[in-house]
Amino acid sequence: MNEQQAGQRIAELIRELNEHNHRYYVLNRPTISDEAFDHLLHELEQLEKLYPGLADSNSPTRRVGGDITDKFEKVPHERPMLSLSNTYNEEEIREWEERLNKLTGHPLEYVMELKYDGVAVSLLYEKGQFVRGLTRGDGTVGEDISANLRTIRTIPLQLRGHFPERFEIRGEVFLPRTVFDDLNRERAAAGEEPYANPRNTAAGSLKQQDSAEVARRKLDCYLYFVLGDRLPFDTHFESLTHAADWGFKAPTSANRLVEKTTTIEGIMNYIRFWDQERFNLPFDIDGVVVKVNQMRLWDELGMTAKSPRWAIAYKFKAATVSTRLNGIQYQVGRTGAITPVAQLEPIFLAGTTVKRASLHNADQITKLDIRIGDHVWVEKGGEIIPKVIGVDHTQPRGSQEHHRYISHCPECGAALIRLEGEALHYCPNERNCRPQQVGKIEHFISRRAMNIEGLGSETVAGLYDKGLVQNVADLYQLTYEILIGIEFEAEDEEGGPPRKRSMQDKSVRNLLQGIEASKAIPFERVLFALGIRHVGETVARKIARAMGNVDAIAAASAEQLMTIEEVGEKIALSVRSWFSDPDNRDLVDRLRESGLRLSSDTEVSEVLSTALVGKSIVVSGVFTRFSRDEIKAYIEQHGGKVSGSISSKTSLVVAGDDMGPAKRQKAESVGVPIITEEQLVKLVESQPREQTT
Ligand code: IVH
């Protein structure tokens, strides 16, 4: 096959794959098997590898991601992205409709559609090709997130049929509920905090720098608003039909995702239908949008302060229900914070059976005068955890007495304390209260902290109970001999008696490798991992950057700390109190001896070994154990040099998933060995260790 033939075949494959992609993801009517699809995709990948010059940024092979964006470029919107005026009140919808009738002097046509609870995006198409996609930003300037949007299968990269030469289309990116639930199940298994709701998770996903990570998130996108000059339709309803014809996932009349009416009854009927039915949708909506159908009236009706007069959003109230409060359970978190949790008579609310709900804190319980045996109002908003919002006084009261908040820790019995100005009670017995210790270790190893893989909640609890890991410094003392064959109790998923599980060769190696790799984690994340109360990711980063190293932080006064951005008195005092504890200082010393990065300096102190001295190393693709910055830091810490391009001087290429075809070809042609990230870690560990600090 010559280059020209290859070009033709590539074009043909792209057309076919786009067609199947549309049938599968947008229409839900695939006409070939997954296997046949993969086969075509593989053929295209091979051709693009052979002829890198022919690769197209809108090729279906790009959907898996791999592009890394360091900083999202700010781009002005050609037309501002407006917001909608909204109301929770049916009466205001009636008034809106009457006002429009008066303004225009005749009855109007309305289109009702769902108000998708996701992240607004604006996509630009030219000659049927996806050009770029922006976030809303402040409505005037957005951020270019094109690489991430390309991974969303329902966003067409190439359009079908007869489309305008150039136009924008706006819509909402969202995370389907099942995908969200799966993601949280995975996080729970890894001992990580669950994500709060699908909307925030979708927003966070779209801002990921690594598009391969975005591809894994399985985002989806509804498009509902076409903008451009000389568009081939006069009504909003038609615009949606056209958008669907061009290959977009646009709402259609099927399943009442969109509907037309000329009457206020028609509008109300639609609103009431979806207020009930919304829980049966596979994604979250937070209301209904009503729009004037005739587009020529849009300019005529004009704008209020920042929203158009031709549209209005009706927002649903959060779902509430009343049920009996059977008891209050107190949970102890890793910082010792006590959170009261309502034990409810199980009740069906917004699509799920609710048995537990948040009660916030002692003040809230007192303020609402919540008593055991009361019927309480439970509300489910955007968050996954429902909350108790008050007592249902239409029902007889429960207990005669006010509820008495606990005074002692339910886990270790220590007397609880409550700091001035804080809402929560704390168990001060940090060192000997099991959930606090186990929670601290779980936090330390979590993905955003030290990212130590191969350690689930049960293993951490098991290691703690066996006395093998009492604090995070003990992790670095673990050896193969200690771990191999030890037994843990694992909870049975079906609720049966716990099963015995023992550590086998592979999981032991995996764990030790994860622990070793964590030594390359930058100082700001180590500081976050220590789990100092009130020191979250951002604050840790600010403190680490301002102070430079752990000794400076330990020596700083509260006043000095408070000169750092985002550090107020509460945080400063918490940092002071943490470092004034001799046990904590001892912990820091032990972590230092184990080789963790306790300083942001890029030179002297961070060299951990000389295993890679004299080696010029190129990294390419996406890694699972390291982020790109981490793998570069790891190489440098072990004496290697990271270089951007492959040449005959390159000693090694470390390839992750989706290493670019051009790079692979280049490495092969100059005969540079290509290794995986695991092989890199092994290579480092197989060298005799030489401490240079
Ligand atoms: S129309 C000028 N339609 O709600 C009107 N917006 O508060 C442009 N939204 O920024 C928006 N579903 O992110 C429209 N069916 C829908 C919508 C919708 C959700 C969001 C959108 C917008 C916000 C306005």
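Numbering (this note's numbering), first residue to last: -19 to 673.
No residue lacks a Cβ here, since even glycine has one placed at the ideal position from N, Cα and C.
Classified as buried, residue 435 has 16 or more neighbouring CB atoms from the shown chains inside 10 Å of its CB.
For residue 262, the Cβ stays outside the 8 Å cut-off from all heavy atoms of the ligand IVH. Taking the Cβ atoms as the reference, residue 312 lies roughly 4 Å from residue 415, within the contact range of under 8 Å.
Here residue 630 is buried: its Cβ has 16 or more other Cβ atoms, across all protein chains shown, within 10 Å. Between the beta-carbon of residue 351 and that of residue 325 there is about 15 Å, and that puts the pair past the 8 Å contact cut. A heavy atom of the ligand IVH is found nearer than 8 Å to the CB of residue 62. Of the heavy atoms belonging to the ligand IVH, none sits nearer than 8 Å to the Cβ of residue 219. Of 564, 517, 468 and 570, the smallest CA-CA separation from residue 546 is found for 517.
Between residue 294 and residue 267, the beta carbon gap of about 5 Å places them in contact (Cβ cut-off 8 Å). Look at residue 180: its beta carbon is at least 8 Å from all of the heavy atoms in the ligand IVH. For residue 128, the number of other beta carbons within 10 angstroms of its own is at least 16, and it is reported as buried. DSSP places residue 323 inside the beta strand (DSSP E), whose first and last residues are 318 to 329.
In this structure, residue 634 sits near residue 659, with a CB-CB distance shorter than 9 Å. With a contact defined as Cβ atoms closer than 8 Å, residue 327 and residue 300 miss out at about 11 Å.
If you draw a 10 Å sphere on the C-beta of residue 557, you find fewer than 16 other C-beta atoms in it, and that means exposed.
One thing to note: residue 114 has its Cβ within 9 Å of the Cβ of residue 55. By the criterion of a C-beta distance shorter than 6 Å, residue 654 is surrounded in its chain by 633, 635 and 647, once the five residues flanking it on both sides are discounted.
Of the candidates 40, 368, 345 and 656, the residue whose Cα lies closest to the Cα of residue 356 is 368. Straight-line measurement puts the Cα of residue 6 at about 35 Å from the Cα of residue 280.
Between residue 223 and residue 292, the C-beta gap is not smaller than 9 Å, which leaves the two residues out of contact. Bounds of the alpha helix (DSSP H) holding residue 129 are 126 to 129. Residue side-chain check: residue 90 keeps its Cβ at 8 Å or more from all non-hydrogen atoms of the ligand IVH. Along the stretch 152 to 208, the alpha helix (DSSP H) occurs as fully enclosed runs of 4 or more residues at 157 to 169, 178 to 186 and 191 to 196, listed in sequence order. In the displayed model, residue 307 falls within a strand according to three-state DSSP. Its chain contains 194 as the residues whose beta carbon lies nearer than 6 Å to that of residue 188, once the 5 sequence neighbours on both sides are disregarded; these appear in chain order.
Distances from the CA of residue 126 to each of 156, 37 and 404 were compared; the closest alpha carbon is that of 37. In this structure, DSSP gives residue 547 a state outside helix and strand, which the three-state scheme calls coil. Taking C-alpha positions only, residue 316 is separated from residue 366 by approximately 23 Å.
Membership of residue 369 in any alpha helix (DSSP H) is not indicated; the residue belongs instead to the beta strand (DSSP E) covering 367 to 371. For residue 479, the three-state secondary structure derived from DSSP is strand. Considering only 614, 589 and 272, the residue with the shortest C-alpha distance to residue 599 is 614. Between the C-alpha atoms of residue 663 and residue 618 there is a straight-line separation of about 11 Å. Contact annotation, residue 136 with residue 228: C-beta distance approximately 6 Å; criterion of less than 8 Å satisfied. Taken through DSSP and simplified to helix, strand or coil, residue 80 comes out as helix.
Separation of residue 53 and residue 101 (C-alpha to C-alpha, rounded to the nearest whole angstrom) is 15 Å. Between residue 641 and residue 431, the alpha-carbon positions lie close to 29 Å from each other.
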